[in-house]
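**Student:** Residues in the sequence shown are numbered consecutively from 1, following the UniProt record's numbering. The beta carbon of each residue, even a glycine, is placed where N, CA and C say it ideally should be.
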Amino acid sequence: MDSVDSSRAFVKDVKRIVIKVGTAVVTRNDGRLALGRLGALCEQLKELNSLGYDVIMVSSGAVGLGRQRLRYRRLVNSSFADLQKPQLELDGKACAAVGQNSLMALYDSLFSQLDVTSAQLLVTDNDFRDKDFRRQLSETLKSLLSSKVIPIFNENDAVSTRKAPYEDSSGIFWDNDSLAALLALELKADLLVLLSDVEGLYSGPPSDPNSKLIHTYIKEKHQNEITFGDKSRVGRGGMTAKVKAAVNAAYAGIPVIITSGFAAENIIKVLQGEHIGTLFHQNAHLWAPVKEVDAREMAVAARESSKCLRALSSQDRKKILLDIADALETNEKLIRTENEADVAAAQHAGYEKSLVARLALKPGKISSLANSIRLIANMEDPIWSIGYKLADGLVLEKTSSPIGVLLIIFESRPDALVQIASLAIRSGNGLLLKGGKEAKQSNAILHKVITEAIPDTVGGRLIGFVTSREEIPELLKLDDVIDLVIPRGSNKLVTQIKSSTKIPVLGHADGICHVYIDKSANMDMAKRIVMDAKIDYPAGCNAMETLLAHKDLMQSGGLNDIIVDLRTEGVTLYGGPRASSLLNIPEARTFHHEYSSLACTVEIVDDVYAAIEHINQHGSAHTDCIVAEANEVAEVFLRQVDSAAVFHNASTRFCDGARFGLGAEVGTSTSRIHARGPVGVEGLLTTRWLLRGSGQIVDGDKGITYIHKDLPIES
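(1) Cα-Cα, which of 641, 630, 613 and 610 is closest to residue 624?
(2) Would you mind stating whether residue 94 and residue 265 have Cβ atoms separated by less than 9 Å?
(3) Consult DSSP for residue 290 and reduce its assignment to one of helix, strand or coil.
(4) Mark residue 438 as exposed unless 16 or more other C-beta atoms lie within 10 angstroms of its C-beta, in which case mark it buried.
(5) Rounded to whole angstroms, what is the Cα-Cα separation between residue 674 and residue 442?
(6) DSSP on residue 20, reduced to helix/strand/coil?
(7) According to the neighbour-count rule (16 or more other Cβ atoms, all chains shown, within 10 Å of its Cβ), is residue 435 buried or exposed?
(8) What is the rounded straight-line gap between the Cα of residue 693 and the Cα of residue 513?
(9) State the CB to CB distance for the pair residue 242 and residue 316, rounded to an integer number of angstroms; the pair is presumed to be in contact (CB under 8 Å).
(10) Below 8 Å CB to CB, which residues in the same chain sit around residue 58 once its five sequence neighbours on both sides are set aside?
(11) Which of helix, strand or coil does DSSP assign to residue 704?
(12) Would the segment 307-327 count as touching the segment 489-509 if we require 3 or more Cβ pairs under 8 Å?
(13) Do you know offhand how far residue 105's Cα is from residue 540's?
(14) Can you tell which of 643, 53, 100 and 531 has its C-alpha closest to the C-alpha of residue 64?
(15) Quick check on the DSSP output: what are the complete beta strand (DSSP E) runs of length 3 or more inside the segment 130-158, in order along the chain?
(16) Just how far apart, CA to CA, sit residue 722 and residue 688?
(17) Could you give the distance in angstroms between the alpha-carbon of residue 450 and the alpha-carbon of residue 461?
(18) Would residue 605 and residue 521 qualify as a contact pair, given that the criterion is a beta-carbon distance under 9 Å?
(19) Rounded to the nearest angstrom, what separates residue 511 and residue 658 at their Cα positions?
(20) Which residues does DSSP list as the beta-bridge partners of residue 516?
(21) Taking a contact to mean a Cβ-Cβ separation below 9 Å, would you say residue 70 touches residue 90 in this structure?
(22) Going straight from the alpha carbon of residue 601 to that of residue 591, what length do you get?
(23) What span of residues does the beta strand (DSSP E) with residue 107 cover, start to end?
(24) How about residue 192 and residue 261: are their beta carbons less than 9 Å apart?
(25) Tell me the DSSP secondary structure of residue 711 in three-state form.
(26) So for residue 237, helix, strand or coil by DSSP?
(27) So which of 345, 683 and 37 has the shortest CA-CA distance to residue 506?
(28) Would you say the segment 326-335 touches the segment 363-370, given that touching needs at least three Cβ pairs under 8 Å?
(29) Under 9 Å between the Cβ atoms of residue 48 and residue 268?
(30) Do the segment 424-432 and the segment 457-477 make contact, defined as three or more Cβ pairs closer than 8 Å?
(31) Examine the Cβ distances between the segment 646-662 and the segment 607-625 and report whether three or more of them are shorter than 8 Å.
(32) Between the beta-carbon of residue 200 and the beta-carbon of residue 211, is there less than 9 Å?
(33) Note down the Cα distance separating residue 579 from residue 585, rounded to an integer number of angstroms.
(34) Output the boundary residues of the alpha helix (DSSP H) element that contains residue 473.
(35) Just to confirm before moving on: does the CB-CB distance between residue 408 and residue 486 stay below 9 Å?
(36) Of the residues 68, 16 and 582, which one's Cα is nearest the Cα of residue 30?
Written out as structure tokens, the structure is:
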């Protein structure tokens, strides 16, 4: 299992950055310059320059570019007879001289278009043996950077004393990757970025579908596990050379990130703290265990820890929850920092506003979560027993019991992790959590804070944290160690999980909630309920998605007032066949649609029976509401709408575990077996039967007289 990425908070302190551009980034497959890619790169460097960063560039590509140009020149100057003869290999140093001139001319042209000045600095291995050179280099760089000039380094292959500048790996540096690492150390850079033609370092050749991107390189873990592919198609060392240079720089105190030079704005993303590429850092070994834990091992560990949790008294489980609540408040600043990084990354990636809203832990949210945990802790012990006297000396006990190990897969909302973990602990269950990638940093820090508050007598492995999407299929096969799957997310997620596992699945695929306004409704009340159900939190699964109105409300004008208010609040309206023509609004593509935003469907129905038929046909059996003063009409609605929660004269937004007094919820179930509606502690329990006798046997029920009398059971 991939380790959790360390926080890349260090990028906030980066002032000076060295960027190395590989030959594979500079040139196309045919050896010509990749003009579009280089233009985009220069635009990134111009932006960094204007933001106040000291930008130092190391660029390869001169030898390859020079070789391409000299081949062309030789072709032009050769006769047909010359071309029939064996062609001698071009001199690498001559290629370097020709190519360097062309490369720098291009950089100068591109940067000039952006109103940026660049400077060429060619160095050799021997230069760095001279202390005076190194001192002068530092002074020159200081002067250039103070003038906002971008220095561009390259090894001076044309006059290098190496026998083969693109093969010889001796000396202080041996290629531009090691030169970049040396310059980062020499010039006291805060970060080194090595741009490649792949996303970062993989566990095997990137072309191998089984290879996985390594987000954080841990030497003790990865150095003997990685299989390198071929060398670069055009450069000297490919990924092997980059890793060697990155390890040397990182262990000397310079953070290094290897990432793709093909992707737009990758350098900007790195400096925004996004988890792209592979990070090398001297403290990486402290951020994750060296030993990987596979899916089965994690599930088994959660089961074993849950047995220890189950053995604790109710008071001891309560204390664990109170300690977790305190730990969350103590670490609020750290949690908010990680969450803000997730939110910024989601906004930059262009995620929908509804997802970003679910992702954010707004001010006061940590305290609210801590208080909800304390509420769960102080609830009556959920483990109960009922006794029955079957016969003299034969006592039967029915007791509640934890389900076992729960696998919860959720998207976007990091607060869900806290709620789920607290409910699992109170009910005595082991837990495996897989959150959405958009909340990666938030989930990681919340998991760390929570598990560190769990005493060693139970162990932090009670709550496993799944970090890779690829592990979900493997987990869904573990029906012998995982007892229940609860997916919280999109219809696609829930449907996919249900079709992929033998493990029971509890949850809901959609939250298509309705509000029906009867002709007997108090319209002021109806307006308040509709506005709250849609606007209070549009991204919630209990938000109104369809407004149904009795046909008489069109004639009275009551519906028009509500439509105007919805539009005033920015709600986009779509209509069913009747409403779209009567209200002059676009027709909805389907009634079965969850907007999760400021939008909803409106339709006109004949009466309460038509409303019930519509809801049962097009709804998702989540939460539906009737606004009516006629109690007999309301009772028909409450009895015949087949949903997990059905309300009379109350907003659908009340369908929530905390509002129901459950403390929190692991989700809302629209299933008809086991648990339905908001699932709190009781929904995470099953039952067992304990029979205490004194040697009784059945023997055809000859010698036993059944009493079947209830008995009190001492807790």
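**Tutor:** On the basis of the supplied data:
(1) 641
(2) no
(3) For residue 290, the pLDDT reaches just 39, beneath the cut-off of 50, and the residue's location in the model is therefore unreliable, although a value from the coordinates is still provided. If DSSP states are grouped into helix, strand and coil, residue 290 belongs with coil.
(4) buried
(5) Going by the C-alpha atoms only, they are around 31 Å apart.
(6) strand
(7) buried
(8) 51 Å
(9) Their Cβ separation, rounded to whole angstroms, is 51 Å, which puts residue 242 and residue 316 out of contact at 8 Å.
(10) 18, 19, 20, 21, 152, 153, 154, 176, 179, 180 and 183
(11) coil
(12) no
(13) 56 Å
(14) 100
(15) 150-155
(16) Absent from the model: residue 722. The displayed extent of the chain is 1 to 715, so no value can be given.
(17) 11 Å
(18) 9 Å or more divides the Cβ of residue 605 from the Cβ of residue 521.
(19) If I take the Cα positions, the gap works out to 18 Å.
(20) 548 and 626
(21) yes
(22) 7 Å
(23) That residue, residue 107, is in no beta strand (DSSP E); its alpha helix (DSSP H) goes 92-113.
(24) No, the pair does not count as a contact, with Cβ atoms beyond the cut-off.
(25) DSSP places residue 711 in strand when its eight states are reduced to three.
(26) Its pLDDT being 48, under 50, residue 237 is placed unreliably by the model, and nothing is read from it.
(27) Distance check between residue 506 and each of 345, 683 and 37 places 683 closest, using alpha-carbon atoms only.
(28) Contact between the segment 326-335 and the segment 363-370 is established, with three or more Cβ pairs separated by less than 8 Å.
(29) Yes, they are a contact pair.
(30) yes
(31) yes
(32) no
(33) 7 Å
(34) 472-475
(35) yes
(36) 68
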